[in-house]
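Step one of this worksheet: look at the structure below.
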Amino acid sequence: MFSALTYQLSTTFLEEQKKCEGLVAAANMSKKPATQPTLHKVIMVGSGGVGKSALTLQFMYDEFVEDYEPTKADSYRKKVVLDGEEVQIDILDTAGQEDYAAIRDNYFRSGEGFLCVFSITEPESFDATQEFREQILRVKNDENIPFLLVGNKSDLADKRRVPLDACRERAQHWQVPYVETSAKTRDNVDKAFLTLIRQMSWLKQGLAAAEEPPDQPSRRCAVRCCTIC
Ligand SMILES: Nc1nc2c(ncn2[C@@H]2O[C@H](COP(=O)(O)OP(=O)(O)O)[C@@H](O)[C@H]2O)c(=O)[nH]1
Ligand SMILES: [Mg+2]
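For the sequence shown, the numbering used here gives the first residue as 119, with consecutive numbering after it.
This is the structure:
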């Protein structure tokens, strides 16, 4: 009788302990691991041939790929350290299907930040950035969406056909940073991606919208209105 009671008490205790352990395990599982880096989703947009893939591959793998011609959009993921914090960046390198409005809008909807690329050697590609910007704003319905205007192929300075002033003016008008890059020499490639990721990161932390003391230089403007050449 005594041992039966002891047995019953101890099994009840064990069951309760198991329940508690189960609850703790469930609570731990629902918690986001502290080490999970924030994910930022970047979309590469721009006319064909401006260097979207070359920039992406240079940023991802430190190499210049001369003839990369995917028939569909490709996505890449990389961890980077930004201002001392590890973040994850998801890059969608679009490749022409954007001509189909439904596909294009789906891509744009999934993006949190945009690298809008043209070639400084090709005025038509510069003109096209206007349309990309309009399409993105229409889909995202947010003027403050993280966005960078990128003039690529800066190594071809002798073939330049889009004046620097025009590029700066457009970026200023849009209130976005302007960056000149060369996917060939890697000039400013990291800077372009990191400037955009910084915008995205600050926006997510709510800093972009935060009130700033009037006598302090604006952090928001520092990431949104600069030219990097
Ligand atoms: N000189 C030079 N050529 C580039 C640069 N970026 C891309 N290209 C070349 O331009 C062509 C188109 O590049 P690609 O990345 O495929 O353009 P996408 O269609 O926008 O993805 C390729 O032949 C690349 O080698 C650059 O910064 N400088
Ligand atoms: Mg491409």
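Built from N, CA and C at the ideal position, the CB exists for glycine as well. From a predicted model like this one, the values you see are computed outputs, not experimental measurements.
Under the criterion of a Cβ to heavy atom distance below 7 Å, does residue i qualify as lining ligand 2?
i, result
"TYR186", "yes"
"LYS170", "yes"
"ALA213", "yes"
Can the beta-carbon of residue i be found closer than 8 Å to that of residue j?
i, j, result
"LEU173", "VAL294", "no"
"PHE311", "PHE177", "yes"
"ASP273", "LYS309", "no"
"THR156", "VAL199", "no"
"ASP201", "HIS158", "no"
"LEU267", "ARG288", "yes"
"THR324", "GLU298", "Note that residue 324 is Gly in the sequence shown, not Thr. Cβ atoms of GLY324 and GLU298: not closer than 8 Å."
"GLY169", "LYS277", "no"
"ILE263", "THR313", "no"
"PRO241", "ARG279", "yes"
"LEU210", "ALA191", "yes"
Per DSSP, what are the beta-bridge partners of residue i in this structure?
i, result
"GLU298", "GLY269"
"MET162", "ASP211 and LEU233"
"ILE346", "VAL297"
"TYR194", "ILE209"
"GLU204", "VAL199"
"LEU314", "The partner list for LEU314 (beta bridge, DSSP) is empty, contrary to what the question assumes."
"LEU157", "GLN206"
Using a 10 Å radius around the Cβ and a threshold of 16 neighbouring Cβ atoms, would you call residue i buried or exposed?
i, result
"SER243", "buried"
"ILE315", "buried"
"TYR296", "buried"
"THR212", "buried"
"GLY231", "buried"
"SER228", "exposed"
"PRO281", "exposed"
"ALA143", "Only weak support exists for where ALA143 lies, its pLDDT of 47 falling under 50; the value from the coordinates is given anyway. It counts as exposed."
"ALA219", "exposed"
"GLU330", "With a pLDDT of 49 at GLU330, under the threshold of 50, the predicted position of this residue should be treated as unreliable, though the coordinate-derived value follows. Exposed, since its Cβ has fewer than 16 Cβ neighbours within 10 Å."
"THR247", "buried"
"ARG222", "buried"
"THR153", "exposed"
Hey, is residue i close to ligand 1, as in C-beta under 7 Å from one of its heavy atoms?
i, result
"LYS196", "no"
"ASP276", "no"
"ALA310", "no"
"SER193", "no"
"SER300", "yes"
"ASN306", "no"
"ASP180", "no"
"ASP245", "no"
"LYS271", "yes"
"GLY202", "no"
"GLY166", "yes"
### Query
Is the stretch 179 to 187 close to the stretch 234 to 245, with three or more CB pairs under 8 Å?
no
### Message
Would the stretch 159 to 172 count as touching the stretch 246 to 254 if we require 3 or more Cβ pairs under 8 Å?
### Response
yes
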